[in-house]
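Student: Before we start, here is the structure in question, set down as structure tokens.
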Amino acid sequence: MAPVIEAKGLDLVFQTADGPVHALKDVNLTVGKGEFVSFIGPSGCGKTTFLRCVAALEHPTGGTLTVNGMTPDQARQARAYGYVFQAAGLYPWRTIAGNIRLPLEIMGFSKAEQAERVERVLELVELAGFGKKFPWQLSGGMQQRASIARALAFDADILLMDEPFGALDEIVRDRLNEELLKLWARTEKTIGFVTHSIPEAVYLSTKIVVMSPRPGRITDIIDSPLPKERPLDIRDSREFIEIAHRVREGLRAGHGDEV
Amino acid sequence: MNRVLPVLTVIGVIVVLWYAAAVWMNRTWVYDQAARDGATVSFAEMVPATLNQERPVLPTPHQVVTELVKSTFGMKVTSKKSLVYHGWVTLSATLLGFAIGTGAGILLAVGIIHNRAMDLSVMPWAIASQTIPILAIAPMIIVVLNSIGVQGLVPKAIISAYLSFFPVVVGMVKGLRSPDAMQLDLLKTYNATGGEVFGKLRLPSSMPYLFASLKVGIAASLVGAIVGELPTGAVAGLGARLLSGSYYGQTVQIWAALFAAALVAAALVAIVGVIEGRVLKRMGMAR
Ligand SMILES: Nc1ncnc2c1ncn2[C@@H]1O[C@H](COP(=O)(O)OP(=O)(O)OP(=O)(O)O)[C@@H](O)[C@H]1O
Ligand SMILES: [Mg+2]
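The listed protein sequences correspond, in order, to chains A and B. In this text, residue positions in the first sequence follow our numbering: the first is 97, and each later residue adds one. In this text, residue positions in the second sequence follow our numbering: the first is 133, and each later residue adds one.
See the structure below:
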């Protein structure tokens, strides 16, 4: 099967006032359809930058990057992905349904189809019945679910998520992780997910990309042997702990280079 | 309730100080009168004689209030002595000027946001325009417009707009630029056009800034309209009342007109404030 995301020798250097910053160096990664890929690594290792390259929000200075076989810009034109930021970023002047309708209005869906899609994705993120509420009437976790619904509304088959649950507490996060897995199983989307949390990465992913900073690069790619069905208590299993250990080792190795 | 007491206290203090100042400043006339008559007046005789003079240096609060009430409610509104008549003349110029100024301010801000050349060139001119004393430019506007046959309401409204567009430009530029990088990136991922970014994100985000500017702008509009009435030969309007009052030494009339202007300004700002509260609450942006 053709890869959904394919990076070969990807390089990105930001020219800043303090000189060049090598945000990505020789990044090689292939993501297949339906995979759940987590990016983990210390701050500044280029996780966000890589995701933004895929979304054509940044442009690499070297190497090649294709999304669904196209350039990232073409892929965006073709509505290949939905992007979820760390903050929900809902418009306070729109209802939850109105916020989810935002991309649909811009993309020119008919009124009837907008309404139908809003209902469907609200159901998908377990917010059915909350469409008429305003963002401030919802908890932080519910707001983030609404922002995921917004990214799902126009049927992109890739979901890019940059620390979507980073600002939420542990308990809410566990629930949302569980729901995200269910949503992924139901929709068969390809997901790129940035996180700082080792358990989160191991619990969610079929593939874990461990990165290290200065210059930002990949130090390890781990294909998870965990089954697709993952109850929360899988986190106490031996396999889970072994993968978590390997991720930790990868992070430590990356850190070692630096000193 | 706990806000009323401090406010009343402050008003009380001001009134007391005002009476003291009125006695102090008006006493000269009392002593002069007495000296002319060859009489002497004691302090106890002097004080009452300062409180109800016809042309006091500083009118007392009750004189101003009486004049205000009399010329507001005690006259037919079509009378040239009615403050309602003069107030309306000024208010209509203020509202027209405010509308023009707000419209121009918003248009300029939109231009500044979308056009780099305008961004670099308009702001310095806008700032320069506000450093020129309005008293210097008002007569020129009146004269120039008069020479092309425009007079009455419009020249005053233009001077009023000249003062009110500036806060609107500054506020709207800031407001239209208030969405953060993340929100702009989100719309970029939808391939939104510039117009969609403006209509769906920038404009709604700018509302709190717009209203803050409008409150400053409407007060400035009133000042502009009053100043615009001064060089017209004092025919009608609160500015005309101020001017004719000072021609004829009618200090009570001047102060009454000043208070009328202040009350109108307070009412206008309050109205904008109420609309602001309603709109921002509906938009979920009330602070
Ligand atoms: N627009 C930019 N201009 C200049 N430098 C940038 C820019 N964006 C990112 N960088 C730099 O590139 C490097 C990688 O940044 P990036 O945001 O991708 O890291 P990250 O892994 O997402 O970190 P975090 O975990 O803190 O979010 C950092 O050194 C950062 O300072
Ligand atoms: Mg980041």
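Yeah, the Cβ is synthetic: ideal placement off N, Cα and C, and Gly gets one too. All figures in this text were calculated on a predicted structure; none of them were measured in a lab.
Given that residue 317/B touches chain A, what residues does it touch there, using C-beta distances under 7 Å?
Tutor: The contacting residues are 153.
Student: Return the chain-ordered list of same chain residues with a C-beta closer than 7 Å to the C-beta of residue 247/A, the five sequence neighbours on each side being excluded.
Tutor: Once the five neighbours on either side are set aside, the close Cβ partners of residue 247/A are 178, 179, 180 and 255.
Student: Taking its Cβ as the centre, do 16 or more other Cβ atoms sit within 10 Å of residue 355/A, making it buried, or is it exposed?
Tutor: Because the pLDDT of residue 355/A is 39, which lies under 50, any placement of that residue in the model is unreliable, and the number read from its coordinates should be weighed accordingly. Residue 355/A should be labelled exposed.
Student: If we ignore side chains and look at the alpha-carbon of each, how far apart do residue 98/A and residue 106/A end up?
Tutor: One C-alpha to the other measures close to 19 Å.
Student: Exposed or buried, which one is residue 108/A when buried takes at least 16 other CB atoms within 10 Å?
Tutor: Looking at its Cβ environment, which holds 16 or more other Cβ atoms inside 10 Å, residue 108/A is buried.
Student: List the residues of chain A that residue 322/B touches, going by C-beta distances under 7 Å, in chain order.
Tutor: What residue 322/B touches in chain A: 199, 202 and 203.
Student: Identify, in the order they occur along the chain, each residue of the same chain with its Cβ nearer than 6 Å to the Cβ of residue 377/B, setting aside the five sequence neighbours on each side.
Tutor: The answer, listed in chain order, is 385 and 386.
Student: Below 8 Å, can you find three or more Cβ-Cβ pairs linking the stretch 146-154 of chain B to the stretch 174-192 of chain B?
Tutor: As far as the Cβ criterion goes, the stretch 146-154 of chain B touches the stretch 174-192 of chain B, which means the pair count is three or higher.
Student: If you reduce the DSSP assignment to three classes, tell me which class residue 143/A lands in.
Tutor: Residue 143/A: helix per DSSP, three-state reduction.
Student: Report the partner residues of residue 116/A according to the DSSP bridge assignment.
Tutor: The partner list for residue 116/A (beta bridge, DSSP) reads 111/A.
Student: So, for residue 141/A: in the same chain, excluding its five sequence neighbours on each side, which residues have a beta-carbon less than 6 Å away from its beta-carbon?
Tutor: Cβ within range, chain order: 307, 308, 309 and 312.
Student: Taking 7 Å as the line, does the beta carbon of residue 292/A fall inside it for any heavy atom of ligand 1?
Tutor: Yes.
Student: Have a look at residue 368/B and residue 220/B and give me their C-alpha separation to the nearest angstrom.
Tutor: Going by the C-alpha atoms only, they are around 10 Å apart.
Student: Classify residue 227/A: buried if its beta carbon has 16 or more other beta carbons within 10 angstroms, exposed otherwise.
Tutor: Burial call: buried.
Student: How close, in whole Å, do the beta carbons of residue 273/B and residue 291/B come, if the pair is a contact with beta carbons under 8 Å?
Tutor: That belief holds up - the Cβ atoms of residue 273/B and residue 291/B are roughly 6 Å apart, short of 8 Å.
Student: Looking at ligand 3, does it come within less than 7 Å of residue 149/A, judged from the CB to the closest heavy atom?
Tutor: What this structure holds is ligand 1 and ligand 2, not ligand 3.
Student: Just how far apart, CA to CA, sit residue 216/A and residue 289/B?
Tutor: Looking at the two C-alpha atoms, the distance is approximately 54 Å.
Student: Thinking just about the alpha-carbon of each residue, which of 299/A, 348/A and 343/A is nearest to the one in residue 329/A?
Tutor: Residue 299/A is the option with its Cα nearest to residue 329/A.
Student: Tell me, please, whether the CB atom of residue 263/A is closer than 8 Å to any CB atom in chain B?
Tutor: By this cut-off, residue 263/A is not an interface position.
Student: Who are the near neighbours of residue 188/B in its chain, counting only those whose CB is closer than 8 Å to its CB and skipping five residues on each side?
Tutor: These residues qualify, in order along the chain: 154, 157, 158, 161, 182, 195, 383 and 384.
Student: For a contact meaning CB atoms closer than 9 Å, what does residue 210/A contact in chain B?
Tutor: Correct list: empty, because the minimum Cβ distance to chain B is about 14 Å.
Student: Tell me where the alpha helix (DSSP H) around residue 238/A begins and ends.
Tutor: First-last of the alpha helix (DSSP H) with residue 238/A: 236-248.
Student: For a cutoff of 8 Å on Cβ pairs, would you count residue 173/A as touching chain C?
Tutor: The chain inventory of the structure shown lacks chain C, comprising the protein chains A and B.
Student: Bridge partners of residue 158/A, per DSSP?
Tutor: Residue 158/A pairs with 107/A.
Student: Please give the ranges of any beta strand (DSSP E) in the stretch 170-225 of chain A, keeping only runs that are unbroken, at least 3 residues long and fully inside the region.
Tutor: Complete beta strand (DSSP E) runs here, min 3: 177-180.
Student: Looking at residue 393/B and residue 350/B, is the spacing between their C-beta atoms short of 8 Å?
Tutor: Result no, Cβ atoms of residue 350/B and residue 393/B do not sit closer than 8 Å.
Student: Since residue 253/A and residue 176/A are thought to touch, with beta carbons under 8 Å apart, how far apart are those beta carbons, to the nearest angstrom?
Tutor: Their Cβ separation, rounded to whole angstroms, is 7 Å, which keeps residue 253/A and residue 176/A in contact under 8 Å.
Student: If we require 4 or more residues per run, which alpha helix (DSSP H) segments fall completely within the stretch 278-329 of chain B?
Tutor: Listed in chain order, the complete alpha helix (DSSP H) runs (minimum 4 residues) inside the stretch 278-329 of chain B are 285-308, 313-321 and 326-329.
Student: Tell me the DSSP secondary structure of residue 261/A in three-state form.
Tutor: Of the three classes helix, strand and coil, the one that applies to residue 261/A here is coil, per DSSP.
Student: Short of 9 Å Cβ to Cβ, which residues in the stretch 335-358 of chain B face chain A?
Tutor: Against chain A - using a Cβ distance shorter than 9 Å - the residues of the stretch 335-358 of chain B are 336, 337 and 339.
Student: Going along chain A, which residues have a C-beta under 9 Å from residue 413/B?
Tutor: Near residue 413/B there are no residues of chain A at all, since even the closest Cβ is about 11 Å away, more than 9 Å.
Student: Residues of chain B with CB under 8 Å from residue 188/A, in chain order?
Tutor: Simply 415, 416 and 417.
Student: Does any C-beta atom of chain A lie closer than 8 Å to the C-beta of residue 408/B?
Tutor: Chain A contact via Cβ: absent.
Student: Looking only at DSSP bridge pairs, what is residue 288/A linked to?
Tutor: BP columns for residue 288/A point to 133/A and 256/A.
Student: Buried or exposed for residue 204/A, going by 16 or more other Cβ atoms inside 10 Å?
Tutor: Looking at its Cβ environment, which holds fewer than 16 other Cβ atoms inside 10 Å, residue 204/A is exposed.
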